[in-house]
């Protein structure tokens, strides 16, 4: 999703594609973007820069939410929203009372403070107005711990529900956590803990388990596509029809840590681009081009995006 050319990546990630999109289509929703991750480990030793894929801008990573229960409480928990509103109302009341006794220069600073709170007020108003939609979505507060397969499905459901009821128009879900050496418990998928990172560096020794993981990840993606295709929207369309929903997988060759030949899945969403089979991406094409035609997307005002200057022939319908 990075908007910088590959050779410049060491210097800056710049805004990622989700935040560029959010500048145009994320202003009217409670959350302009939603970043989720399926890394529920509590003892992460990896840098935050390796374990997130969304960036506000140069040097500013957008930290992902990864605890399913906390995600639910933040997005759909009306009680926490009420408590936060009470605190905000108290702060604003005190500020307005104090404002009348301030000098002109201090009053200007207070105006800046009030302006910083107003977007929070608007976000809470939007969430309050969605209470009926929240009830219709019928999503329950998650358990504290879930097997890995159920946890990944649930995080996907939280993302889809957020799109369905209008909490956000832009979201990302990082399914494979960046764990270099620490094994992950793959309950419901593999029989014992494995380090996926280590497995990909020696695929010849773990081929069967890697295939099981790949099948599960693709089936989890297909499950979300099916769910989105069953959510009706205006004009006889579905949520899937009105969404660009992309799976990125196998974007590096583990034994060589190379990204010049990898596999990917084209975007799904009949209103924008037809889903297609995984295709090999060779040196002559960029990973950005494989995602979609970033130059032609309606919210992109530039003629170039990262290394991409157009569409790979035959990818978009």
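In my numbering, the protein residues as written are 159 to 475.
Note that CB positions come from ideal geometry on N, CA and C, so glycine has one too.
Would residue i and residue j be called neighbours here (beta carbons separated by less than 8 angstroms)?
i           : j           : result
residue 179 : residue 328 : yes
residue 320 : residue 233 : yes
residue 191 : residue 209 : no
residue 370 : residue 347 : yes
residue 173 : residue 215 : yes
residue 386 : residue 396 : yes
residue 407 : residue 310 : no
residue 398 : residue 317 : no
residue 222 : residue 212 : yes
residue 314 : residue 382 : yes
residue 339 : residue 356 : yes
residue 389 : residue 322 : yes
residue 365 : residue 226 : no
residue 230 : residue 185 : no
residue 372 : residue 352 : no
residue 307 : residue 345 : yes
Could you please give the first and the last residue of the uninterrupted beta strand (DSSP E) stretch that includes residue i?
i           : result
residue 215 : 213-215
residue 314 : Element bounds for residue 314: not the beta strand (DSSP E) but the alpha helix (DSSP H), 306-323.
residue 377 : Premise fails: residue 377 lies in the alpha helix (DSSP H), 365-387, not in any beta strand (DSSP E).
Is any heavy atom of the ligand GTP found at a distance shorter than 7 angstroms from the C-beta of residue i?
i           : result
residue 188 : This structure simply doesn't include the ligand GTP, nor any ligand for that matter.
In the DSSP assignment, the alpha helix (DSSP H) including residue i goes from what residue to what residue?
i           : result
residue 398 : Counting along the chain, residue 398 falls outside any alpha helix (DSSP H), and DSSP gives it neither H nor E.
residue 183 : 175-183
residue 358 : 354-359
residue 230 : 226-234
Since residue i sits in a beta bridge, which residues does DSSP pair it with?
i           : result
residue 330 : 193
residue 390 : 396
residue 208 : Answer is none; residue 208 lacks a bridge partner.
residue 218 : 215
residue 404 : Per DSSP, none; premise fails for residue 404.
residue 187 : According to DSSP, residue 187 bridges with nothing at all.
residue 262 : BP columns for residue 262 are empty, so no partner.
residue 342 : 352
Contact the stretch 192-205 vs the stretch 302-321: 3+ CB pairs below 8 angstroms: yes
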